[in-house]
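Colleague: Okay, so the sequence shown: first residue is 3 according to this note's numbering, each after it adds one.
Glycine included, each C-beta is placed from N, C-alpha and C at the ideal position.
Please find one structure pasted underneath; my questions will follow.
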Amino acid sequence: MEMGKRKVIIFLAIIISMVVTSMKAQDIDKQAHYFAGGFVGAITYNFVYEETQDRNKALLSSIASALLVGTIKEIADSQEQNNYFDGKDLLATGLGGLSIGLTFDLINKKNEKRFYYYLIANK
């Protein structure tokens with residue numbers, strides 16, 4: 003992915019994160035979903051990156067796992083009486099996975115560059 007597109011994606015993730023976390027007290031549930039998605043995304047990103055050393059696979063896995071867990075949770079919620087599948091909860095969970103995945107991706111990108119320059123400097 004070229005740098006311009008990456009910056010746009012990061013900018014949008016930050017803006018969406020700010021919107022999600024600045025909701026009123028009645029939307030504490032959305033914040034909980036956001037942080038749960040971030041937690042699941044962080045665990046998944048670390049596991050996939052450790053196994054594959056591929057930032058793209060780790061990022062996609064981070065987002066996909068957050069969405070999968072969010073979907074399962076919403077399906078379980080919809081089975082309860084007087085409850086329903088809430089797409090906004092699923093969105094908040096997915097955004098949590100996206101933001102932590104992008105953050106980890108940027109950190110790993112920086113570390114890869116440092117490692118690369120270290121190898122070249124020592125030749």
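Let me confirm a value: Ala-78 is counted as buried when at least 16 other C-beta atoms fall within 10 Å, else exposed. Which label applies?
Modeller: Burial call: exposed.
Colleague: I'd like to know whether the C-beta atoms of Thr-46 and Ser-67 end up nearer to each other than 8 Å.
Modeller: Yes, the pair counts as a contact, with Cβ atoms nearer than the cut-off.
Colleague: Which residue spans inside the segment 33-86 form an unbroken alpha helix (DSSP H) run of at least 4?
Modeller: Listed in chain order, they are 57-80.
Colleague: I'd like to know if the segment 29-44 and the segment 89-98 are in contact, where contact means that at least 3 CB-CB pairs between them fall below 8 Å.
Modeller: Touching, yes, given that three or more Cβ pairs across the two stretches are closer than 8 Å.
Colleague: With 16 as the cutoff for other CB atoms within 10 Å, does Asp-31 come out buried or exposed?
Modeller: So Asp-31 counts as exposed.
Colleague: Please work out which residues of its chain come closer than 6 Å, Cβ to Cβ, to Arg-57, disregarding the five sequence neighbours upstream and downstream, and give them in chain order.
Modeller: Cβ neighbours of Arg-57 beyond the five flanking positions: Asp-107, Asn-110.
Colleague: DSSP state of Asp-126, grouped into three classes?
Modeller: Residue 126 falls outside the range modelled here, since the chain spans only 3 to 125, and no answer is possible.
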